[in-house]
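Chemist: Structure below; questions to follow.
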Amino acid sequence: MSIPQLSQVQEDDLVHALHHYALSNGLVMYPVGFKPHSPVAAPVTLYPTPFPQQAFEKAQMVQEKFNELYAKVSSDVEWLSAVLDSFAQFDAGFTGKLWESYKKAKEIGIKQNVSLGVFRSDYMLDHDQIKQVEFNTVSVSFGGLSSKVGDLHKYLNDSGYYTSSASRFYPDETIPVSESSVKLADGLADGVKHYNKSQGTKDTVVLVIVQEGERNVFDQRHLEYSLLKNHGIVSRRITLHELTDKTRVGHDRRLFLNSTDEEVSVVYFRSGYAPTDFKTDQDWTNRVTLETTLAIKAPSLLTQLSGAKKIQQILTDEKVLSRFIKSDVSELVSTFVKIYPLDGSDLGKEAKRLAFESPEEYVLKPQREGGGNNIYKEDIPGFLRSIPEDEWQGYILMQLIHPPLNKNKLVREGEVFTDEIVSELGRFGTILFDQSTGEVIKNSDAGWLLRSKFSNSNEGGVAAGFGCVDGVVLQ
Ligand code: ADP
Ligand code: MG
Ligand code: MG
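Here it is as structure tokens:
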């Protein structure tokens with residue numbers, strides 16, 4: 001399907017309407033160097049992007065099973081320990097510190113076995129099939145703004161801005177709106193309700209751990225507003241650093257806010273996924289402290305660690321998968337592309353050969369999150385040569401997915417850019433589970449996100465400035 005063909009005057013009208021809608025409805029973000037009162041429209045596509053319905057539904061169909069898989073992995077301390085003990089050292093600066101923090105927390109004592117996963121499984125299309133880019137287990141973003149972009153595209157279509165005849169360009173039913181803004185909040189509420197029931201408390205709050213200077217605040221706020229509106233649950237926001245002065249740990253290792261004396265039932269991390277989120281040793285100590293409180297963590301350290309890229313690589317082995325999922329795993333496996341370790345195993349040796357012989361087919365990934373960390377194609381051999389071979393095991397080598405190109409327009413800070421884009425579909429999920437037994441208490445799909453970027457850029461981080469939030473037009 002091609003995009004609407006509008007005159008310059010019509011397009012100007014459309015973009016004007018887009019900005020009004022975005023600013024009226026909180027489809028916004030802070031720009032670089034912002035002041036608290038000065039958000040701007042979030043970078044979005046002017047039009048929704050075509051996506052095959054079958055593939056879209058497949059992502060929904062496998063989400064709960066993926067939730068369960070990662071819940072089971074993070075409940076299997078024995079297995080995780082063996083894996084982390086051997087590879088965490090290759091990312092001593094971060095993965096190693098998270099693993100060390102878990103061990104410290106364990107020594108102090110872990111009071112809360114229930115963990116809350118707020119996940120996002122990311123895919124790109126390859127020949128109309130979804131292929132998994134990665135599975136995120138910490139601080140997944142854009143669930144709030146995604147719902148807003150769906151609403152925006154629907155509004156523009158319904159108002160006739162996409163045509164010169166004031167009629168709809170897309171059949172109404174082909175533009176879905178993600179329920180992520182509501183459903184991710186439902187997931188947080190599952191955690192709060194479970195805590196209140198098991199601890200005999202009420203009026204407990206969600207503590208959102210935020211980054212200092214966060215620009216994607218409104219995405220988070222939309223979830224907080226859903227939480228209050230739909231569940232009557234209040235949330236409070238502090239940085240990891242502020243934890244020291246603003247909270248205290250009371251009897252039974254219950255966590256309280258000093259200013260209000262409110263008890264915290266769920267700690268929701270929208271920070272703590274990158275080394276820069278920990279500025280001082282105190283921040284690391286605070287992370288350990290949180291882990292030892294009675295509050296349910298979203299995610300716990302083990303749940304965060306289970307989302308390491310290394311673990312994604314290991315889980316592409318069906319034998320390993322069947323350790324965690326007893327039912328049929330073929331639907332999960334069909335979303336995998338080849339991912340190799342770069343170690344001394346037979347597979348690792350093959351990968352080392354491939355990295356030098358056909359680097360153009362691969363992306364090299366370290367154990368990091370948040371975009372901007374990968375090494376692509378022809379850059380791989382030079383990069384590998386620049387570090388000792390012993391350190392290669394800290395990386396995984398992943399086959400590149402080749403998503404289709406679509407024509408669209410991106411609107412960013414008032415400017416319209418036209419080019420070919422590629423898109424990445426994220427499917428959200430929430431799962432409440434007992435880490436000591438692996439028992440699943442509640443498991444839900446939680447809507448979706450489409451992000452797009454110009455096809456000539458390797459990465460698609462929206463907040464990082466590479467991409468934008470998109471919507472879907474089902475084909
Ligand atoms: P991060 O945790 O930093 O988001 P990702 O694994 O999602 O790391 O990689 C970042 C980006 O790199 C993705 O959003 C995607 O645009 C691109 N990318 C990652 N893996 C692949 C792949 N196998 N094929 C094509 N592009 C990829
Ligand atoms: Mg990630
Ligand atoms: Mg990613």
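If you're matching positions, the sequence shown starts at 1 in full-length UniProt numbering and goes up one per residue. Backbone N, C-alpha and C fix where the C-beta goes; we use that ideal spot for every residue, glycine too.
Confirm the yes/no value for this check: CB of Val140, any heavy atom of ligand 5, distance under 7 Å.
Modeler: By its list of ligands, the structure shown excludes ligand 5, since it contains just ligand 1, ligand 2 and ligand 3.
Chemist: Taking 6 Å as the limit between beta carbons, can you name the residues of its chain near Ile130, skipping five residues before and five after?
Modeler: Only Ala55, Lys58, Ala59, Tyr123, Thr335 meet the Cβ criterion.
Chemist: Is it buried or exposed for Gly109, if we count other Cβ within 10 angstroms and need 16 for buried?
Modeler: exposed
Chemist: Hey, out of Ile296, Lys453, Thr303, whose CA is closest to Pro403's CA?
Modeler: For the residues Ile296, Lys453, Thr303, the minimum Cα distance to Pro403 belongs to Lys453.
Chemist: Going straight from the alpha carbon of Gln282 to that of Thr204, what length do you get?
Modeler: 26 Å
Chemist: List the whole-angstrom C-beta distance separating Phe433 from Ser115, where the pair is believed to meet the contact cut-off of C-beta under 8 Å.
Modeler: About 6 Å separates the two Cβ atoms, so the contact holds.
Chemist: Around the C-beta of Val28, are 16 or more other C-beta atoms found within 10 angstroms, so that it is buried, or is it exposed?
Modeler: buried
Chemist: My understanding is that Glu360 touches Gln399, with C-beta atoms under 8 Å, so please give their C-beta distance in whole angstroms.
Modeler: In this structure Glu360 does not touch Gln399 by the C-beta definition: roughly 11 Å separates them, more than the 8 Å allowed.
Chemist: Using 10 angstroms around the beta-carbon of Val210, count the other beta-carbons present and answer buried if the total reaches 16, otherwise exposed.
Modeler: buried
Chemist: Contact between the segment 213-233 and the segment 321-338 is defined here as three or more beta-carbon pairs at a separation below 8 Å; is this criterion met?
Modeler: no
Chemist: With respect to 7 Å, is the separation between the Cβ of Leu365 and the closest non-hydrogen atom of ligand 1 below this value?
Modeler: In the sequence on display, residue 365 carries Lys and not Leu. At least one heavy atom of ligand 1 is nearer than 7 Å to the Cβ of Lys365, so yes.
Chemist: What ranges does the alpha helix (DSSP H) occupy inside the segment 54-132, keeping only unbroken runs of at least 4 residues that lie completely in it?
Modeler: 77-87, 95-108
Chemist: Is the closest heavy atom of ligand 3 to the C-beta of Asp122 under 7 Å?
Modeler: Yes, since a heavy atom of ligand 3 falls inside the 7 Å radius drawn around the Cβ of Asp122.
Chemist: Could you tell me if the beta carbon of Val206 falls within a distance shorter than 7 Å of some heavy atom in ligand 3?
Modeler: no
Chemist: What does the Cβ neighbour count give for Ser358, buried or exposed, with the cut at 16 atoms within 10 Å?
Modeler: exposed
Chemist: Could you pull the start and end residues of the beta strand (DSSP E) that Gly429 belongs to?
Modeler: 415-434
Chemist: State the Cα-Cα distance for the pair Ile421 and Asp346, rounded to the nearest angstrom.
Modeler: 37 Å
Chemist: Using the rule of at least 16 other Cβ atoms within 10 Å of the residue's Cβ for burial, across every protein chain shown, is Glu318 buried or exposed?
Modeler: exposed
Chemist: If we count Cβ pairs, one from each stretch, closer than 8 Å, do we get three or more for the segment 426-440 versus the segment 160-172?
Modeler: no
Chemist: Cutting at 6 Å between CB atoms, please list the residues of its own chain near Val288, excluding the five before and the five after it.
Modeler: Ser101, Lys104, Ala105
Chemist: Is the CB-CB distance between Tyr21 and Tyr155 below 8 Å?
Modeler: yes
Chemist: Of the choices Thr137, Pro275, Thr244, Glu263, whose alpha-carbon is the least far from that of Asn286?
Modeler: Distances from the CA of Asn286 to each of Thr137, Pro275, Thr244, Glu263 were compared; the closest alpha carbon is that of Thr244.
Chemist: Nearest-angstrom Cα distance between Asp158 and Gly143?
Modeler: 23 Å
Chemist: Cβ of Pro43 within 8 Å of Cβ of Val411?
Modeler: Cβ distance < 8 Å, so Pro43 and Val411 count as in contact.
Chemist: Ligand 1 and Arg168: does any heavy atom of the ligand fall closer than 7 Å to the residue's C-beta?
Modeler: no
Chemist: Tell me whether Val149 sits in a helix, a strand or coil according to DSSP, three-state version.
Modeler: Three-state DSSP puts Val149 in a helix.
Chemist: With DSSP as the reference, please indicate the residues paired to Ser444 in a beta bridge.
Modeler: Thr430
Chemist: At what residue ranges does the segment 328-354 contain a whole run of the beta strand (DSSP E), taking only runs of 3 or more?
Modeler: 339-341
Chemist: Verify the contact flag: Asn136, CB atom, against every heavy atom of ligand 2, threshold strictly below 7 Å.
Modeler: Yes, ligand 2 has a heavy atom inside 7 Å of this Cβ.
Chemist: Take Phe119 as the anchor and find which of His153, Glu134, Asp261 has the nearest alpha-carbon.
Modeler: Glu134
Chemist: For Phe383, which residues from the same chain have a beta carbon less than 8 Å from its beta carbon, with the 5 sequence-adjacent residues on both sides left out?
Modeler: Leu364, Ile375
Chemist: Looking only at DSSP bridge pairs, what is Asn136 linked to?
Modeler: Arg120
Chemist: With a threshold of 7 Å (Cβ to nearest heavy atom), would Glu369 be considered close to ligand 2?
Modeler: yes
Chemist: Since Ser180 is in the beta strand (DSSP E), which residue starts that stretch and which ends it?
Modeler: Counting along the chain, Ser180 falls outside any beta strand (DSSP E), though it belongs to the alpha helix (DSSP H) covering 180-199.
Chemist: Quick one: using the 10 Å Cβ neighbour count with 16 as the cut-off for buried, is Thr418 buried or exposed?
Modeler: exposed
Chemist: Is Gln5 helix, strand or coil when you go by DSSP?
Modeler: coil
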